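Those protein sequence lines, which keep their order, are chains A and B. Going by this note's numbering, the letters in the first sequence line up with residues 267 to 731, in that order. Going by this note's numbering, the letters in the second sequence line up with residues 267 to 731, in that order. From the three backbone atoms N, C-alpha and C, an ideal C-beta is built for every residue, glycine too. Predicted model only: the values in this text are computed from it and were never measured.
Protein chains: 2
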Amino acid sequence: MTPDEFRAAGYAAIDWIAEYLESVEERPVASVVVPGALLAALPPAAPEDPEPWSAVLADLDRRIVPGLMHWQHPSFFGYFPANASPPAILGELLSAGLGVQGMLWVTSPACTELEIGVLEWLRVALGLPDRFSAAGPGGAVLQDTASSATLCALLAARDRCAAPLAQQVLYTSTQAHSSVAKAARIAGFAEAQLRLIPVDDTLAMRVDALSEQVAADRAAGRVCSAVCATVGTTSTGAVDPVAQIGRACGDAWLHVDAAWAGSAAICVEHRGLLAGLEHADSFVFNPHKWLLTNFDCSAFFVADRAPMLAALSILPEYLRNAPTASGEVVDFRDWQVPLGRRFRSLKLWFVLRTYGLSGLRAHIRGHIALAAWFAARIAADPRFELAAPVSLALVCFRHAGGDGVNQRLLDALNGSGRLFLTHTQVDGQLALRLAVGGRMTEARHVEAAWAEMVAWADREAVATG
Amino acid sequence: MTPDEFRAAGYAAIDWIAEYLESVEERPVASVVVPGALLAALPPAAPEDPEPWSAVLADLDRRIVPGLMHWQHPSFFGYFPANASPPAILGELLSAGLGVQGMLWVTSPACTELEIGVLEWLRVALGLPDRFSAAGPGGAVLQDTASSATLCALLAARDRCAAPLAQQVLYTSTQAHSSVAKAARIAGFAEAQLRLIPVDDTLAMRVDALSEQVAADRAAGRVCSAVCATVGTTSTGAVDPVAQIGRACGDAWLHVDAAWAGSAAICVEHRGLLAGLEHADSFVFNPHKWLLTNFDCSAFFVADRAPMLAALSILPEYLRNAPTASGEVVDFRDWQVPLGRRFRSLKLWFVLRTYGLSGLRAHIRGHIALAAWFAARIAADPRFELAAPVSLALVCFRHAGGDGVNQRLLDALNGSGRLFLTHTQVDGQLALRLAVGGRMTEARHVEAAWAEMVAWADREAVATG
């Protein structure tokens, strides 16, 4: 591609995205392709000679789009949102266009410093404690996902702990994200070394049970190296009592996973979510979930960067350089598992500036209001019930008819193509999850979702008469 | 941003990138900013209200660009290349515009299937053994970096090994990338459990030394769970004898790191690089280094996916779905550390189609020819010497005047802003590395680099005369 061909192809790509986002609502949210369909349609080998860009873009429509789940569809209510936005898309574009590496400060100082700067903006915006500021012994970094950040927290905890690995134990609740168990396994812990603490009837970690387990482990000569608390569990949005956990876990590393819910703290009325964070050694939340910044963009804060650096730093000769040797700069390669890193802060900077905090708060508040409206409908209809307390913009609910009915309801809703929800288990029973958080989600989308459910329940009532 | 505002801002961003790439040659390759300069220029907090896109784009020029190292500059010869290209940039753009998640097949079937498809294209293009095909027990996945892929290989090896962690040992050469030591540490190995095998005079792993160490460890009751061989070391591009290593290491997991050099295997005359790969359990190379595909894009192949899945799979209720339960689909979240994943295969598909294999081969061959030309100049000038055998497009060399002279030469070259090289140590002495691999690098850039060195050496001779 010559520069002019790039301009033409680039404009076409921008137009394609604009049209996609304008029309995504008309597409079925979930793909209905069968396994192997795209694979079978691909040639068995790469072409020997160049193909024109127009052919590639045509195949995007013909081959790829039918096989997508449309995460940016305004009636996508599954999992947690991964809400993108125009400035974040352009941030990814410019980051790719620059093609710089942020592994060391010296390999692109602006990449590192903008990241430090916007993460401080986020720290202030969320009201996080000063201990997470880079001005002191703490600091923050952008990672790909909360899974990776949680792994880094466990590695820092594991290596900070004086006891050998085999003697260490970790604590989290039965409701914690699967990434905690995965990180523990990666870090070399046996399954039995991760204690899954039971939860109360709000599905929050029971501090009494935690304390008992800590005492039992201590009595048995085991050492608790880390506790992972969750603010907004993936299943139901439950919030662990971080302050009490912090007091109960002594000098273990306290990691707080607020991957989804953390974004809500930019609204002052939701700051309470993060109460107790002054006890935490690390905290992660994902602007790529609910802060209009394209995946991947996970913000990881530590109160003391030294143990993490001790766990992750290796300096081979070919990476040595004068600024690193001076100790005056931050090299983010030591704050993550990979060596190389993209210029991720660019998109976050763009989002924070073009929306402003007021614009981001309006999005969060709008989503929470829509979820509250939906939850009120659930509560008012005797055929439905809330399966867990409403948490911010997440409503877990079920039809009163039992698992079979709920599975059919979920299949019918998702099969319609008009909306998409996912499920979980609460108290051993199926529950449906409606997570509001799309950039383009409006009242009419949530109202339509509710209308679909009512219509299905009406039909069900007739059918089962 | 409204859709029309997005179009206007998007066109402006495309123009910005086109102009950046057209003029990047005129910029100093390495930034001369002092630590903290950008950070000091940023406001202390995010703006409360939205700012116009034009202000943001203006700050990109004013604040960010002066603080970048220009990795796409045609006279960037440092580290290894991270060579971007127009179709890859547009792939990142469209991936961001779609904003889909590829963590499960069901969360966007096309994201998973295109990845399987283009990785098979790469497997065929590089002439990798059939054992890495997804048609059998093997398969391939895109990861962010070779560091992460190497970690996954070690985790699979660690968990496949019947011996407890403390009894296992790992082998790699003294020249292996730092990511091997980092992965071992992450996976819970103590430093002493990673054996650094000495190298021969080409800086390749000595198989006799490996065999001796294996025998000694076996005699001591230790079990070798993994060996990491390197095809194209970061320091000098040395190539370990993979076939002999495979035969020497028994049933240990053999991982081959060809992060940089692997791309050369798309040229049939360089297929010999990968001799012995039929012994390997896993193989990684980075299209983001030398195959015109923007970072991040690391292709990781395994001969048997089962041990990796055993090490990395966790299936919580909220991720269960019918296609996963059917066993008919691939869920790539189980092939990596993070859960979420971007639609990375899109850019690779774009690159393979718009360049064609012939276009990519022409790039690789061009770079190798330029390096050969430069190496011949070094060999012919008595003031300079090769510090290691030339490897593909990497030339390690030094001025005959010793470390002090070479450090001053490196500082002078990089300080000029007209080119950029990095260094390493060979035989305990400083060596300069010239890695050719930029998309826009032509003969005149390498010729200019040589002219700079000659001019510096001339001045040095006069000064010290």
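Residue-level contact check: residue 715 of chain A does not touch chain B, since none of the beta carbons of chain B fall below 8 angstroms from its beta carbon. Just measuring C-alpha positions, the residue of B:458, B:303 and B:669 sitting nearest residue 330 of chain B is B:303. Using a Cβ-Cβ cut-off of 8 angstroms, residue 458 of chain A does not count as an interface residue toward chain B, since no Cβ of chain B sits closer than that to its own. In terms of beta-carbon proximity, residue 560 of chain B lines the interface with chain A, with at least one pair separated by less than 8 angstroms. Assigned with DSSP and collapsed to three states, residue 631 of chain A falls in helix. For the options A:485, A:681, A:592 and A:470, the alpha carbon positioned closest to that of residue 655 of chain A is the one of A:470.
Look at the segment 604-623 of chain B: the residues with a C-beta under 7 angstroms from a C-beta of chain A are 604, 605, 606, 608, 616, 618, 619, 620, 621, 622 and 623.
In this structure, DSSP gives residue 559 of chain B a state outside helix and strand, which the three-state scheme calls coil. For the 8 angstroms CB-CB criterion, residue 370 of chain B and residue 599 of chain B form a contact.
No Cβ-Cβ contact shorter than 8 angstroms links residue 294 of chain B with residue 593 of chain B.
Secondary structure at residue 688 of chain B: strand, using DSSP grouped into helix, strand and coil. Cβ contact annotation for residue 719 of chain A (same chain, cutoff 6 angstroms, sequence separation greater than five): none. In the three-state DSSP reduction, residue 437 of chain A falls in the strand class (E or B). Below the 9 angstroms Cβ cutoff, chain B contributes 269 as neighbours of residue 288 of chain A, in chain order. One finds nothing in chain B with a Cβ atom closer than 7 angstroms to the Cβ of residue 669 of chain A; even the nearest lies about 12 angstroms away.
Using beta-carbon distances, residue 273 of chain B counts as an interface residue toward chain A, with a partner under 8 angstroms. Interface with chain B (8 angstroms Cβ-Cβ cutoff): residue 314 of chain A is included. Think of a sphere of 7 angstroms around the beta carbon of residue 688 of chain A: the chain B residues whose beta carbon falls inside it are 584, in chain order. Judged by beta-carbon spacing, residue 518 of chain B lies within the 8 angstroms limit of residue 493 of chain B, meaning their Cβ atoms are closer than that value. Closest in alpha carbon position to residue 506 of chain B, among B:288, B:377 and B:468, is B:468. Interface flag for residue 360 of chain A against chain B is set, since a Cβ pair is found closer than 8 angstroms. A residue is called buried once 16 or more other Cβ atoms fall within 10 Å of its Cβ, and residue 353 of chain B is buried on that count. Taking the CA atoms as reference points, residue 543 of chain B sits about 10 angstroms from residue 398 of chain B. Per DSSP, reduced to three states, the secondary structure at residue 652 of chain B is strand.
At least one beta carbon of chain B lies nearer than 8 angstroms to the beta carbon of residue 322 of chain A.
For residue 447 of chain A, same chain residues with a beta-carbon under 7 angstroms away, outside a window of 5 residues either side, are 460 in chain order. Interface annotation, residue 507 of chain A: not in contact with chain B, CB-CB separation never under 8 angstroms. In this structure, residue 384 of chain B places its C-beta atom within 8 angstroms of the C-beta atom of residue 614 of chain B.
Excluding five sequence positions before and after residue 323 of chain B, the CB atoms of its chain that fall closer than 7 angstroms to its own CB belong to 278 and 282, given in chain order. Nearest in C-alpha terms to residue 510 of chain A, of all of A:501, A:502 and A:496, is A:496. In the DSSP assignment, residue 477 of chain B falls outside any beta strand (DSSP E) and within the unbroken alpha helix (DSSP H) covering 473-485. Annotation: the segment 508-550 of chain B contains the following complete segments of the beta strand (DSSP E) (minimum length 3 residues), in chain order: 519-523. Fully contained in the segment 360-429 of chain B are the following beta strand (DSSP E) runs of length 3 or more, in chain order: 405-409. Residue 631 of chain A places its beta carbon 8 angstroms or farther from that of residue 563 of chain A. Among the CB atoms of chain B, none fall inside 8 angstroms of the CB of residue 634 of chain A. Residue 625 of chain B belongs to the set of residues whose beta carbon lies under 8 angstroms from a beta carbon in chain A.
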